Structures are given as structure tokens and as C-alpha cells.
Amino acid sequence: MENNLRVLRAERKMSQAELAEALGVSRQTINTIENGKYDPSLPLAFGMAGLFGKKIEEIFFP
Amino acid sequence: MVNLTEKEKKSGRQYRNEFLPAMVAYVAVLFAAKALLKYYPDTIWDVPIAISPSIPIIFGLFAMTRFIGRMDELMKKIFTETAAITLMLVTMVAFSYGFLENKGYPHLDLIWSFPIVCFVFGAVFFFVRRRYNGE
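Dropping the structure here:
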């Protein structure tokens with residue numbers, strides 16, 4: 121899955137580590153999601169959507 | 566460089582605090598069991614004493630299980646893939662070596678199964694983790 125997580129994170133001037141901390145995952149997890157190497161679980165995707173105030177389909181797309 | 570979150574650091578500390586005492590206890594029980602079996606080799610307790618070093622190992626395995634439970638979802642996925650590949654590799658090689666033993670190759674003691682699994686797991690983990698290295 122593609123995503124615009126990197127853009128959303130940059131807009132809020134958050135580092136990968138800060139986003140990881142906020143979501144309770146590792147920085148590597150954020151990194152692999154941003155690079156399209158790993159698709160997050162639904163709970164994590166909902167967590168991201170809640171954090172950025174977006175719908176899941178506004179962050180992730182096929 | 567690995568940047569660990571506070572949650573990961575805490576989890577690592579908790580793992581060390583649980584795993585290290587189990588390993589220290591293992592070494593102590595191992596030497597005690599060996600000494601007891603040497604001086605009192607033929608008692609009704611020789612079987613329980615012989616397997617007693619496994620008990621601290623069980624506590625070590627509990628520590629590992631709790632550590633895996635605290636991991637985030639990506640690391641759990643990496644561990645699961647590593648475990649599946651390790652299982653296939655070790656059982657396939659052990660199965661094949663069984664045929665070689667029938668052809669006269671030296672018998673491999675079962676005590677080696679745990680260190681071999683740990684070694685193969687470590688090697689496989691290195692490669693699986695690299696696949697998810699998103700840099």
C-alpha cells in the first residue's frame with residue numbers, strides 16, 4: 121500500500137521517533153511504513169488517522 | 566544507528582531483569598546438579614536432579630515470551646517470520662542428518678538442539694530484519 125505518512129509528518133514537523141513515541145511503536149515501524157515495506161495493522165492505522173485528524177483512506181491508498 | 570523509544574528501552578530493561586537471574590540460576594543449578602550426581606549417582610532422585618537445570622531455563626523462556634508480547638507489531642512480524650524459517654531449516658537439516666546417521670555418521674546429542682536453534686534463529690533474524698530495513 122502507498123501512503124502519504126511522510127508528508128503528513130513533515131507538515132507537523134514531527135520526527136519519525138516522535139511519531140513512533142506517540143503511537144507506541146518503534147521508529148523502524150514508522151520507517152518501514154513510510155517506505156511501503158510494511159502495511160500497518162488496522163489499530164495502528166486508526167491510531168495514525170486519529171493523530172493526524174484524517175480518515176484512513178486519506179493516508180493509505182492502494 | 567538504532568533509535569529506541571522509551572517504551573522499547575523499558576521493555577529491554579525489564580527483559581534483562583527477568584532473563585539474567587534465570588541464566589545465573591541455570592548455571593548455579595547446573596553445577597549443583599553435576600556435583601550431586603557425581604557424589605550420589607544412584608538414588609531415586611537422580612532423574613529429577615539430572616533435569617533440574619531445565620527449570621531455570623523455563624523461567625528464561627517465560628521472560629522471552631513476555632518480551633515478545635511487549636514488542637510492537639513490526640518486530641512481532643519479523644520474529645514470526647524468523648521463527649517459521651528457523652523451524653523449517655532446523656527440522657529439514659535434522660531430518661536429513663537422521664538419514665546420514667543411518668549411514669554411519671556420528672550421532673548428534675539432543676542437548677545441542679537448543680543452541681543450534683538459537684544460532685540459526687540469530688542468523689535468520691539478521692536477514693529477515695534486513696528485508697524490513699526501510700532506510
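Protein sequence lines, in the order shown, are assigned to chains X and H.
Under our numbering, think of the first position of the first sequence as 121, with each following residue one higher.
Under our numbering, think of the first position of the second sequence as 566, with each following residue one higher.
Note that CB positions come from ideal geometry on N, CA and C, so glycine has one too.
Predicted model, so just to flag it, every value in this text is computed and none were measured.
Check: Helix, strand or coil: how does DSSP classify ASN123/X here?
Finding: strand
Notebook entry, point to check: Residues bridged to PHE180/X by DSSP?
Noted result: ASN123/X
Next item on the list: Please report how far the alpha carbon of LEU673/H lies from the alpha carbon of LEU125/X, in whole angstroms.
Entry: 52 Å
Check: Which residues in chain X sit within 8 Å of ASP637/H, going by Cβ to Cβ distance?
Finding: Against chain X, the beta carbon of ASP637/H has neighbours under 8 Å at GLY144, VAL145, SER146 and THR149, listed in chain order.
Checklist line | Cβ neighbour criterion (16 or more within 10 Å) applied to PHE180/X | finding: Under this definition PHE180/X is a buried residue.
Next item on the list: Return the chain-ordered ranges of every alpha helix (DSSP H) run that is complete within the region 572–639 of chain H and spans a minimum of 4 residues.
Entry: 611–616 and 619–635
Next item on the list: For GLY170/X, name the three-state secondary structure that DSSP assigns.
Entry: helix
Notebook entry, point to check: Interface residues of chain X around THR570/H at Cβ under 9 Å?
Noted result: ALA137, ALA140, GLU141, GLY144, VAL145, SER146 and ARG147
Next item on the list: Answer with buried or exposed for ASN532/H, where buried requires no fewer than 16 other C-beta atoms within 10 angstroms of its C-beta.
Entry: Only positions 566 to 700 of chain H appear in the structure, and residue 532/H is not among them; the question remains open.
Check: Mind pulling the chain X residues with CB within less than 8 Å of TYR697/H?
Finding: GLN148, THR152, LYS157 and TYR158
Margin query: Using beta carbons (cut-off 8 Å, strictly below), is GLU573/H in contact with chain X?
Written below: yes
Next item on the list: Classify TYR605/H as buried or exposed, calling it buried when 16 or more other Cβ atoms lie within 10 Å of its own Cβ.
Entry: exposed
Margin query: Between PHE660/H, GLU646/H, MET588/H and ILE633/H, which has its C-alpha nearest ILE622/H's C-alpha?
Written below: MET588/H
Next item on the list: Please list, in chain order, all residues of the same chain as PHE627/H whose beta carbon is under 6 Å from its beta carbon, the five residues on each side excluded.
Entry: none
Notebook entry, point to check: Taking 8 Å as the CB-CB cut-off, is ALA640/H touching chain X?
Noted result: With the sequence shown as reference, residue 640/H is identified as Met, and Ala is not the correct amino acid for it. Yes, MET640/H lies at the interface with chain X (some Cβ there is under 8 Å from its Cβ).
Next item on the list: Reducing DSSP to helix, strand and coil, say where GLY687/H ends up.
Entry: helix
Check: Can the beta-carbon of VAL594/H be found closer than 8 Å to that of SER617/H?
Finding: With contacts defined as CB atoms closer than 8 Å, VAL594/H and SER617/H qualify as a contacting pair.
Next item on the list: Please classify LEU162/X: is it buried, with 16 or more other beta-carbons within 10 angstroms of its beta-carbon, or exposed?
Entry: exposed
Checklist line | Alpha-carbon spacing of ALA130/X relative to ALA648/H, whole angstroms | finding: 36 Å
Check: Can you find a C-beta in chain H that's less than 8 Å from the C-beta of LEU164/X?
Finding: yes
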